[in-house]
Amino acid sequence: MASQRPPSGISRPMSRSGSAVPGAGRPPTAVRPPPTALRVPTGMVPASSGHPGMRGTIPSPGVLSAAIKVANRPVTQQGLSGMKTGMKGPQRQILDKSYYLGLLRSKINELTTETSKLHKEIENYNQENSVYVSYEKRAEGLAAEIKDLQGQLADYNMLVDKLNTNTEMEEMINDYNMLKAQNDIEARSIDSIFTERREREEVVRAIEEEIGRERQVAEEVVQAMPSAKRDKYFAMTTTNEELLQARLEKKNNKNFPEMI
5 MASQRPPSGI SRPMSRSGSA VPGAGRPPTA VRPPPTALRV PTGMVPASSG HPGMRGTIPS
65 PGVLSAAIKV ANRPVTQQGL SGMKTGMKGP QRQILDKSYY LGLLRSKINE LTTETSKLHK
125 EIENYNQENS VYVSYEKRAE GLAAEIKDLQ GQLADYNMLV DKLNTNTEME EMINDYNMLK
185 AQNDIEARSI DSIFTERRER EEVVRAIEEE IGRERQVAEE VVQAMPSAKR DKYFAMTTTN
245 EELLQARLEK KNNKNFPEMI
């Protein structure tokens with residue numbers, strides 16, 4: 005099949021090192037395009053003829069021939085953050101019902117947050133107060149225990165002193181019996197004083213209750229008086245209080261020079 009193919013009238017162009025192949029495929033010299041070295045690529049800046057090793061071209065004026073400064077390109081230099089947007093437009097102009105409702109909700113949320121914060125502080129304060137009370141009670145118990153231990157330590161120190169001074173056992177026993185008898189007497193005296201104090205407190209409480217009842221009766225009598233007598237009674241009561249106060253001040257002023 006290849007032997008029946010008709011010969012082509014167009015031959016291949018010659019290679020750089022070979023000879024020209026005759027044929028009708030090569031166009032005339034006047035019709036051929038300019039050499040590749042003289043073409044200016046589209047979208048590329050023409051190279052200057054001053055650089056060695058590069059083909060000289062004719063520089064063309066325009067944007068591509070201008071010098072590019074990186075400092076004038078904020079996106080390339082600083083990224084997207086380098087670009088600054090313009091000023092915001094005007095704020096909301098119509099203050100309608102929804103605007104005030106939103107403002108009221110924001111204030112309510114702020115008040116709720118502050119209230120919850122105050123409640124939390126109060127809870128923390130109450131908790132610290134309860135802990136402080138428990139610690140105070142514990143400190144009182146420990147103080148009593150320390151006082152008891154200090155008494156025992158004093159007894160032991162006295163015993164060590166007696167042993168260091170070669171005190172006889174009989175003398176130590178006599179001292180013990182004497183101190184025990186003295187402590188028993190003081191304990192009975194303290195018990196009697198405590199009993200007497202409790203009895204007097206009961207008497208004072210009974211007298212205060214009786215005074216309260218008498219005052220209530222007096223108030224009822226005053227309320228039952230006519231208005232004229234009641235006003236006169238209040239005036240006399242006020243005068244009596246003023247006289248008592250003046251007498252007390254006079255007495256204090258009289259005693260003050262004697263103290264000096």
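Just so you know, this note's numbering puts 57 at position 53 of the sequence shown, and the rest follows in order with no gaps.
The beta carbon of each residue, even a glycine, is placed where N, CA and C say it ideally should be.
Collapsed DSSP secondary structure at residue i in the structure displayed
{"i": "Met-182", "result": "helix"}
{"i": "Asn-128", "result": "helix"}
{"i": "Ala-28", "result": "For Ala-28, the predicted model reports a pLDDT of 46, less than 50, meaning its position is unreliable; a value from the coordinates is still stated below. Reduced to three states, the DSSP call for Ala-28 is coil."}
{"i": "Ile-150", "result": "helix"}
{"i": "Thr-171", "result": "coil"}
{"i": "Asp-159", "result": "helix"}
{"i": "Ala-51", "result": "In this predicted model, Ala-51 has a pLDDT of only 46, less than 50, meaning its place in the structure is not dependable; the value taken from the coordinates is given anyway. Three-state DSSP puts Ala-51 in coil, outside helix and strand."}
{"i": "Met-240", "result": "helix"}
{"i": "Gly-98", "result": "At residue 98 the sequence reads Ile, which differs from the Gly that was named. Ile-98: coil per DSSP, three-state reduction."}
{"i": "Met-176", "result": "helix"}
Pair within 7 Å by beta-carbon distance, residue i and residue j
{"i": "Tyr-237", "j": "Val-226", "result": "yes"}
{"i": "Lys-166", "j": "Met-176", "result": "yes"}
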